[in-house]
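Novice: The sequence shown runs 1 to 81 under UniProt numbering. C-beta: ideal position from N, C-alpha, C; glycine also.
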Amino acid sequence: MISTLLFAAAADGIAKLGAGVGAGLAAIGAGIGIGRIGGQAMDAMARQPEVMSRIFTNMIVAAALIEGVALFAVVVAFLCI
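1) So which of ILE34, GLY39, ARG47 and LEU17 has the shortest CA-CA distance to VAL69?
2) Are VAL61 and ALA23 touching if we call contact CB-CB under 8 Å?
3) Cutting at 6 Å between CB atoms, please list the residues of its own chain near CYS80, excluding the five before and the five after it.
4) Between the C-alpha atoms of ALA8 and VAL21, what's the straight-line distance to the nearest angstrom?
5) Within the same chain, show all residues whose beta-carbon is closer than 6 Å to that of ALA15, passing over the 5 residues directly before and after it, in chain order.
6) Taking the alpha-carbon of ALA77 as reference, which of SER3, GLN48 and ALA27 has the nearest alpha-carbon?
Below is the structure:
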């Protein structure tokens, strides 16, 4: 009886740990992705200033998509609890 309770408590703790790790990895991945987008966009704008508005618009759209995926991953990680 006690071993069953310990097993249930351990499983709950592992689920919460997994949710925290999953949310952290999603945040790290989003940060890396947005950082790369920003850096590459700055390089592109420095090379071709005449298309700066198009590059900026595409950069914002790509960053929004990455943030959406990261938010979805965080929600799924916390729903696993």
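Specialist: Straight from the coordinates:
1) ILE34
2) Contact flag unset, no.
3) ALA19
4) 20 Å
5) ILE81
6) Nearest in C-alpha terms to ALA77, of all of SER3, GLN48 and ALA27, is ALA27.
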